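K.L.:
Residue 210 in the UniProt record's numbering sits at position 210 of the sequence shown, and the numbers go up by one each step.
Glycine is no exception: its CB is placed at the ideal position from the N, C-alpha and C atoms.
Just so it is clear, the structure is predicted and the values come from calculations on it, not from any experiment.
The structure is given below, and queries will be raised subsequently.
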Amino acid sequence: MAWASLVRRSIEAWGPSRRPESAEVEAYLRERTDLDEFLTKTSATLMFWFFQRREVFLSQWTMTKWDGDRLDDYVVFPVFPGFVTRDKCFFISHFWRQEDHPDPNGEDLRLHQTSLASASWSYIWVDWSCLPQHPRSDIEEAYFQRALTTIPAIITNCRFTWFYPNFQPRLWILFEVAQYFLTTLAFRNPPDHVLPQDMRPFKRHIDEMEQHGVQSVLDRYGYMASLDRDREYLTSWLDLLILLKRINLDVFGVRALFDNMTLFPWMRDMTVLTANDAIELRRWEGDLVVGQNTYTFKPIPE
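See below:
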């Protein structure tokens with residue numbers, strides 16, 4: 001019953017749509033018989049994101065750990081442009097206070113609940129609640145690894161909320177801030193005085209990366225990631241983001257590029273058309289071709 005309810009609720013959440021993928025994606029989801037089959041198929045083919053429902057998020061005392069037995073907490077959205085949108089979805093950027101729980105006493109959660117209670121939205125994505133956590137089954141691990149590579153697109157297509165208790169050089173946070181700023185027209189180049197105090201160090205370091213390079217800034221401030229795999233991805237994503245900012249690619253081109261990287265993870269080369277140029281990305285070689293110019297960045301891990 002919980003699985004059938006999740007399927008029905010998710011399709012309703014997508015809303016009436018003229019997107020060409022809607023009928024195909026709906027049929028795909030209806031064909032899945034349970035969560036295990038869904039996770040197995042999703043990790044290999046069409047990708048979906050779990051989003052927590054508004055009423056669940058606002059009523060909890062601590063951030064709820066992802067649990068396959070709590071399917072009533074969620075809807076799932078397919079990873080196609082236009083399904084997850086900023087008018088109805090939020091992404092939470094947060095520190096982890098402990099290795100085994102990001103916010104064990106609910107301190108940060110209550111700040112977010114207070115801030116978001118009066119806002120208009122329906123669904124929210126937070127890693128602890130929306131990705132399988134340790135200990136993971138083999139099926140959950142495969143889904144987790146696939147989902148991890150799609151986080152840039154989640155940030156790109158959601159509104160962004162944060163409360164950072166004090167500055168700490170966390171590489172995930174730096175990337176999340178950079179991804180949101182550089183894919184949001186209103187935040188592309190905000191002056192420091194309009195930013196909240198807890199955001200300013202990250203914004204300053206993003207500006208420094210444009211001048212001095214990503215790795216130089218990461219080394220200077222001691223940015224940390226708990227896993228080497230995460231550091232590889234995050235450094236590559238940041239290098240590409242900063243390159244796109246340096247060559248002044250417009251926000252819509254940046255969004256289209258990251259959406260396509262997420263939608264077609266198996267494609268080595270891809271071309272995105274913008275208002276001014278055709279952009280060719282060779283992600284695993286670290287090459288970006290814009291018009292007659294070729295630029296390099298740290299290759300994205302395969």
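For Thr38, which option in Asp287, Gly68, Trp61 has the closest C-alpha, if you only look at C-alpha atoms?
P.N.:
Sequence inspection shows Phe at residue 38; the Thr mentioned does not correspond to that position. Ranking the options by Cα distance to Phe38, first place goes to Gly68.
K.L.:
Do Trp61 and Phe90 have their CB atoms nearer than 8 Å?
P.N.:
It is not a contact, given that the beta carbons lie outside the stated cut-off.
K.L.:
Could you have a look at Thr184 and say whether DSSP puts it in helix, strand or coil?
P.N.:
Correct three-state label for Thr184: coil.
K.L.:
Between the alpha carbons of Gln133 and Tyr28, how many angstroms are there, rounded?
P.N.:
Computed Cα separation, rounded: 26 Å.
K.L.:
Hey, quick one: how far does the alpha helix (DSSP H) through Gln215 stretch, first residue to last?
P.N.:
214-221 is the span of the alpha helix (DSSP H), which, as asked, contains Gln215.
K.L.:
Looking at residue 304: is its Cβ nearer than 8 Å to the Cβ of Phe80?
P.N.:
The structure shown does not extend to residue 304, since the chain is modelled only from 1 to 302, so the question has no answer here.
K.L.:
Skipping 5 residues on each side, what residues in its chain have a beta carbon closer than 7 Å to that of Ala117?
P.N.:
Here the set comprises Leu58.
K.L.:
Mind checking which residues open and close the alpha helix (DSSP H) that includes Phe144?
P.N.:
Element bounds for Phe144: 138-148.
K.L.:
Going straight from the alpha carbon of Leu131 to that of Gln52, what length do you get?
P.N.:
Computed Cα separation, rounded: 11 Å.
K.L.:
Would you tell me roughly how many angstroms separate the C-alpha atoms of Arg229 and Leu148, rounded to the nearest one?
P.N.:
Distance between the alpha carbons of Arg229 and Leu148 is about 11 Å.
K.L.:
Would you mind stating whether Thr274 and Gly291 have Cβ atoms separated by less than 8 Å?
P.N.:
Taking 8 Å as the Cβ cut-off, Thr274 and Gly291 do not qualify as a contacting pair.
K.L.:
Can you grab the Cα-Cα spacing for the pair Arg246 / Lys41, in whole Å?
P.N.:
Their Cα atoms are separated by approximately 38 Å.
K.L.:
From Leu35 to Val56, what distance separates their C-alpha atoms?
P.N.:
Approximately 20 Å between the Cα atoms of the pair.
K.L.:
Curious, which full-length alpha helix (DSSP H) runs of at least 4 residues does the region 51-109 contain?
P.N.:
The region 51-109 contains these whole alpha helix (DSSP H) runs: 54-59.
K.L.:
State buried or exposed for Ala153, treating a residue as buried only when at least 16 other CB atoms are found within 10 Å of its CB.
P.N.:
Buried, since its Cβ has 16 or more Cβ neighbours within 10 Å.
K.L.:
Whether or not the region 190-200 and the region 209-224 are in contact is what I'm after, with contact meaning three or more pairs of Cβ atoms, one per stretch, closer than 8 Å; do they touch?
P.N.:
They do not touch, by the three-pair rule.
K.L.:
Out of Gln145, Met1, Tyr233, point me to the one whose CA is closest to Pro299's CA.
P.N.:
Nearest option by C-alpha distance: Tyr233.
K.L.:
Whole angstroms is fine: what's the gap from Ala178's alpha carbon to Ala4's?
P.N.:
The straight-line gap from Cα to Cα measures roughly 38 Å.
K.L.:
I'd like to know whether the C-beta atoms of Ile155 and Tyr164 end up nearer to each other than 8 Å.
P.N.:
No, they are not a contact pair.
K.L.:
Mind checking who Val290 pairs with in its DSSP beta bridge?
P.N.:
DSSP output for Val290 lists Ile279, Asn293 as bridge partner(s).
K.L.:
CB Ser10 to CB Tyr143, shorter than 8 Å?
P.N.:
It is not a contact, given that the beta carbons lie outside the stated cut-off.
K.L.:
Need the endpoints of the alpha helix (DSSP H) that Ile154 sits in, please.
P.N.:
Element bounds for Ile154: 151-157.
K.L.:
Would you call Asp87 buried or exposed, if buried means 16 or more other Cβ atoms sit within 10 Å of its Cβ?
P.N.:
The residue in question, Asp87, is exposed, as its Cβ has fewer than 16 Cβ neighbours within 10 Å.
K.L.:
Give me the DSSP bridge partner(s) of Thr271.
P.N.:
In DSSP, Thr271 forms a bridge with Glu280.
K.L.:
For Val251 versus Leu185, is the C-beta spacing smaller than 8 Å?
P.N.:
Their beta carbons are under 8 Å apart, which means Val251 touches Leu185 by this criterion.
K.L.:
For a quick check, are the C-beta atoms of His205 and Tyr180 less than 8 Å apart?
P.N.:
Contact flag unset, no.
K.L.:
Compare the C-alpha of Pro301 against each of Asn276, Trp14, Leu240, Tyr295 and name the closest.
P.N.:
Minimum Cα distance to Pro301 is reached at Leu240.
K.L.:
Roughly how many whole angstroms lie between the Cα atoms of Leu263 and Thr183?
P.N.:
Going from the Cα of Leu263 to the Cα of Thr183 covers about 17 Å.
K.L.:
Excluding sequence positions up to five away, which residues of its chain have a Cβ less than 7 Å from the Cβ of Trp96?
P.N.:
Cβ neighbours of Trp96 beyond the five flanking positions: Pro102.
K.L.:
Can you give me the C-alpha to C-alpha distance between Met1 and Val76, rounded to a whole angstrom?
P.N.:
Distance between the alpha carbons of Met1 and Val76: 16 Å.
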